[in-house]
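K.L.:
FYI, the numbering for the sequence shown is 665 to 964, going by the numbering used here. Before we start, here is the structure in question, set down as structure tokens.
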Amino acid sequence: MESQLSNTSDGGNPFSSDGEWHRGNLHMHSTNSDGARSPEDAMAWYCDAGYDFAVLSDHRVVSDTTALATPDFITIPGIEMHGPDPFTGEPYHILGIGVKSFERSDDAWGPQEAIDRVNADGGLAVMAHPYWLGQSAFDMRELDGFVGMEVFNSVCDVTRGKGFSNITWDEYLLQSGRTWGFATDDTHWKHGAEGRGWVMVRTNDETSAGIVAALRRGEFYSSMGPEILDVRVESGGVRVQTSPVSRITIVAARANGSNYRAVSDQLTEATHELRGTEQYLRIEIEDKDGRRAWSNPLMF
């Protein structure tokens, strides 16, 4: 199957494109599955918290949230699908973001069928919390057509201490090529997970379709709080500018990369000199409170 990622040369770097920044949550639950808030109350929480858009991704069911949108808040249909994983023997969880026509998923679907159905419906398939589920990069490279994986899932962090999948992401980038990393909160309104992981999408198309298209192109970064202000490839190096943080890491393939640290939040800029062996490069930053942010990978 053909990749569902953008094939543009600048894919994955929103800092090289035009548009306004829009904060959004891609993964949460309501009383339509196992969440403790109604869809109305769930969407209202994000709207009141200053988010620009949100996806209601209940287990196995797509909810119509069109009536919950406002002139300043976009709602996007979504689902979290379950089914048997032939590689691990454990259930997989896959998000379908921006799906349009189907109302429910079937637990008999294997992961490839679930991904194919999301793509046929014009949506984005995202592998949910792979570290928590024990899904490896080796397992996922057998699948085609998903756009990315959750690099951070708040509820998995809060309840199990297994919210960060950055190592799985790096292993996949090394073995299989470009895929995007998404931060989500996956709140069920029971554990205080809400508002701890989101995406910052850059686009001038302030519609549900425009947000989904920008996500497909990788024109976003993910965050728990810190801001990535700019990422530029120039003069044989990569220059990064951020909000004040304690760590800026330029992550690259194998033994490549750079790491910069400071006492408290005193770093706002770092530069990595390209060596020609990076294969890919992504930015990860962390503030004094342990909150991180991640850019999407640039491929070399």
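All C-beta atoms, glycine included, are put in the ideal place defined by N, C-alpha and C. Since we're looking at a predicted model, the values are computed, not measured.
#1: Assign D821 to buried or exposed, taking buried as 16 or more other Cβ atoms, counted over all protein chains shown, within 10 Å of its Cβ.
#2: When we look at the beta-carbon of N677 and count the other beta-carbons within 10 Å, is it buried (16 or more) or exposed?
#3: CB-CB under 7 Å to R860, same chain, minus the five flanking residues each way: which ones, in chain order?
#4: List the endpoints of the continuous alpha helix (DSSP H) containing F717.
#5: State the beta-bridge partners of L931 as determined by DSSP.
#6: Taking the alpha-carbon positions, what's the E948 to G786 distance?
#7: Taking C-alpha atoms, which residue in G812, D698, S959 lies nearest to V904?
#8: Tell me the DSSP secondary structure of G845 in three-state form.
#9: Output the boundary residues of the beta strand (DSSP E) element that contains T867.
#10: Taking DSSP as the reference, what is the three-state secondary structure of N817?
#11: Check W773 in the structure and name its three-state DSSP category.
#12: At what residues does the alpha helix (DSSP H) containing P961 begin and finish?
#13: How many Å lie between E858 and R896 at the Cα?
#14: Could you give the distance in angstroms between the alpha-carbon of V719 and the alpha-carbon of P794?
#15: Compare the Cα-Cα distances from I912 to each of E767, L732, D894 and report the closest residue.
#16: Please state whether the Cβ-Cβ distance between P890 and R955 is less than 9 Å.
P.N.:
Straight from the coordinates:
#1: buried
#2: buried
#3: S818, D849, M888
#4: Taken as a continuous stretch (DSSP letters only), F717 belongs to no alpha helix (DSSP H), being part of the beta strand (DSSP E) at 717–720.
#5: V909
#6: 30 Å
#7: S959
#8: strand
#9: 862–867
#10: strand
#11: coil
#12: Where P961 is concerned, there is no enclosing alpha helix (DSSP H), given that its DSSP letter is neither H nor E.
#13: 32 Å
#14: 19 Å
#15: D894
#16: yes
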